[in-house]
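Engineer:
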Amino acid sequence: MNHRDDEDVELEGLDEADAADAADAADAEDGDGDDAGGGPPEVSRKVRRRRRRTRPRSKTIAMKRLTREELRQGALMYPPVDIPRPTSRAECREEVRPCPWVACKHHLYLDINPETGSIKINFPDLEPWELKHTCALDVAERGGITLEEVGEIMNLTRERIRQVEVRGLLKLKMGSPSPDELGADLLAGKIYTDS
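When we follow the working numbering, the leftmost residue of the sequence shown carries the number 1192, and every step to the right adds one.
1. CA-CA distance, E1340 and R1349?
2. Express the C-alpha separation of D1302 and V1293 in angstroms, rounding to a whole number.
3. Over what stretch of residues does the alpha helix (DSSP H) that includes K1364 continue unbroken?
4. I'd like the span of the alpha helix (DSSP H) that includes L1257, first residue to last.
5. Specify the secondary structure class of D1225 as computed by DSSP and reduced to three states.
6. Measure the CB-CB distance between S1249 and I1352 and report whether it falls below 8 Å.
7. Counting C-beta neighbours from all protein chains within 10 Å, is the total for D1221 16 or more, i.e. buried, or is it exposed?
8. If you count every other CB in all the chains shown that lies within 10 Å of the CB of L1322, and 16 or more means buried, which is it?
9. Could you say which of P1271, K1364, E1285, E1318 lies nearest to L1299 if we only look at CA atoms?
10. Could you give the C-beta distance for I1247 and D1316, rounded to a whole number, given that I count them as a contact under 8 Å?
11. So what does H1324 bridge to, in DSSP terms?
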């Protein structure tokens, strides 16, 4: 068994990215004489190593798949609470952080699909009080942040955040009048008021 066979045995236990990186490193160490002529060194097959997820993916609980017994147990374990929730941003802003109202649509711990009732837990490895940011409105008040930061806060990838941003901007564009329409309305004597 030669030196190359030993490496192949060692690489079997690694995933593809690690195996490619290790093979590239082994080729560089061998010095087969490919670059001995003074030419440029061979470029690695894996120029940029992919980033691994640091957090587990979100988990979705489909309400339709829960049995009656599971629903009954959930209702017994978590009875409705009659504590008044904040109804406006002004009330919410003064509340304690981390925000205890996980059912609020602005809370970052979970999302509830209004059509199906399914619950998506964005951070299955954390409890709600362990989140660094719990309210999307608090994050928005802070000001502009990068797609990477938004992805970290929402446990989504940068690309998914970009897709959501494009869809949101498209909805805004489709729902608002164009500058030409606004100018024509102003010339026609139509006045826009807040009331």
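C-beta: ideal position from N, C-alpha, C; glycine also.
Structural biologist: Quick answer:
1. Those two C-alpha atoms are separated by around 8 Å.
2. 9 Å
3. 1349-1366
4. Looking at the DSSP string, L1257 is not in any alpha helix (DSSP H), and its letter there is neither H nor E.
5. The pLDDT assigned to D1225 is 48, lower than 50, so where the model puts this residue is not dependable, and the model offers no usable value.
6. no
7. Reliability fails at D1221, whose pLDDT of 47 lies under 50, so the model's placement of it is uncertain and no value is given.
8. L1322 comes out buried.
9. E1318
10. It should be noted that the sequence gives Pro, not Ile, for residue 1247. The Cβ separation is near 5 Å, so the contact holds.
11. Note: H1324 sits in no beta bridge, so no partner.
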